[in-house]
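Chemist: Quick one: this structure, given as structure tokens, is what I'll be asking you about.
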Amino acid sequence: MKIQSFASRLIPFFLIFTCFGLRAETTVVMLGTGVPAVNLHRAGQGILVVVDKSLYLFEAGPGALRNMDALKDQAFMPKVSSFSFGGETAYTLLDKVFITHLDSDHVLGLPELLLRPWTLGRENKVQVVGPKGTKSMVHHILKGYREDIDHRLYGSQPANPTGYRADVTEIDEEGMVYQDDKVIVSSFYVPHGDWDEGMSVGYRIETRDGKTIVLSGDTRQPESLEIYQGVDLLIHEVIGEATLSRMPPSWQYYMLDAHTSTSQLAEIAETVQPGMLVLNHVIADEVSEVQTEMGELYSGEFKIANDLDIYHW
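Residue numbering for the sequence shown follows my numbering, beginning at 13 and increasing consecutively.
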């Protein structure tokens, strides 16, 4: 792991903000909390981190972008005074996305993210960070929508030539993958089924006011918890024990190789003691079963994520 040495490099960066007395406001919004199964009340995976009105999207599951519309009157969201079919929208400022892995339920919203904000006026290229294969996926998405793109570019619609494009960074080692004046984002490898090492990652986000958020991505119980240490908000996937017990043996084997059970997550949380534990991507026949299981196994505070839950501190 390179996170420890990476963290030491962050100290001068944050001292700059401390010395000048600058403060940041950090908000995390669960845009989508779903799993592969279609659920009327849960969009696909999408976690929006907002720092001083700058937007950082983690995951691009189906329907997550749509839920941003519910945030337009929130004080922490940026206001956009420009033409759009839906009035004022922050879609056009959404130009940074971080993908944990290429399972379809985590990326089915990527075409929408690349194209819809562009049609509403986004001019910036989208910065996409993800594992190996992300460049190919983005290339083929844009290739598949070439007729639509050309129609807008060369027809009568006043479209700009940049806002649908993407600069893709593929992760080839653990450590820092993105930095600006408000956040530093680092990736770490996670074990997820038979994905090769490095093909599934989690993210640690550190804001300039010292907030730390860890997103587990899809993962079985990790061997090392170093990256989780000192975290203010741990957003972690989970599969319910009761649900697991009702599955055929072959599916039980697969799920435990790819996901974290409630007892395993409770063990993780008891060890690292996060400021807040949020259960996301909950695989369960009944979410209430997971609520009960975690309540019996974990002594700390936790919440089961629902779409449009907001964490602000």
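The beta carbon of each residue, even a glycine, is placed where N, CA and C say it ideally should be.
1) In whole angstroms, what separates the C-alpha of GLU305 from that of GLY156?
2) Where in the region 91–131 do unbroken runs of the beta strand (DSSP E), each at least 3 residues long, occur, reported from the N-terminal end onward?
3) Have a look at THR104, ASN79, PRO123, ILE316 and flag the residue whose alpha-carbon is nearest the alpha-carbon of THR146.
4) Where GLU182 and ILE322 are concerned, what is the direct C-alpha to C-alpha distance, given to the nearest angstrom?
5) In whole angstroms, what is the alpha-carbon distance linking TRP130 and ARG78?
6) What number of angstroms, rounded off, separates the C-alpha of TYR103 from the C-alpha of PHE70?
7) Counting C-beta neighbours from all protein chains within 10 Å, is the total for SER262 16 or more, i.e. buried, or is it exposed?
8) Are the region 244–258 and the region 80–91 touching, with three or more C-beta to C-beta distances below 8 Å?
9) On a Cα-Cα basis, can you pick out the residue from TYR166, GLY214, GLN233 that is closest to GLU185?
10) Count Cβ pairs between the region 195–214 and the region 154–170 that sit closer than 8 Å; are there 3 or more?
11) Can you name, in chain order, every residue of its own chain whose Cβ lies under 6 Å from the Cβ of LEU289, other than the five neighbours on each side?
12) If ILE251 sits next to SER273, beta carbons under 8 Å apart, how far is it from one beta carbon to the other, in whole angstroms?
13) Would you list the residues sitting across from THR224 in a DSSP beta bridge?
14) Taking buried to mean at least 16 other C-beta atoms within 10 Å of its own C-beta, is THR38 buried or exposed?
15) Which partner residues does VAL197 have in the DSSP bridge list?
16) Where does the unbroken beta strand (DSSP E) through LEU67 begin, and where does it stop?
17) Could you tell me the boundaries of the alpha helix (DSSP H) in which MET149 lies?
18) Taking 8 Å as the cut-off, decide whether the C-beta atoms of LEU154 and VAL138 are in contact.
19) Kindly indicate which residue of LEU165, VAL50, ARG177 has the alpha-carbon position closest to the one of HIS151.
20) So, are the CB atoms of LYS65 and PRO90 less than 8 Å apart?
21) Mark LYS144 as exposed unless 16 or more other C-beta atoms lie within 10 angstroms of its C-beta, in which case mark it buried.
22) Among residues of its own chain, excluding the 5 on either side of THR101, which ones have a beta-carbon nearer than 7 Å to its beta-carbon?
23) For GLU305, name the three-state secondary structure that DSSP assigns.
24) State buried or exposed for TYR327, treating a residue as buried only when at least 16 other CB atoms are found within 10 Å of its CB.
25) To the nearest angstrom, how far is the alpha carbon of GLN276 from that of GLN169?
26) Suppose contacts are defined by Cβ-Cβ distances below 8 Å. Is ASP230 in contact with HIS271 by that definition?
Modeler: In terms of the structure at hand:
1) 45 Å
2) 108–110
3) PRO123
4) 29 Å
5) 15 Å
6) 15 Å
7) exposed
8) no
9) GLY214
10) no
11) LEU246, ALA281, PHE314
12) 6 Å
13) GLU218
14) buried
15) TYR190, ILE217
16) 66–70
17) 146–156
18) no
19) ARG177
20) yes
21) exposed
22) LYS84, VAL92, LEU132
23) helix
24) This structure leaves residue 327 out entirely; the chain is present only between 13 and 325.
25) 53 Å
26) yes
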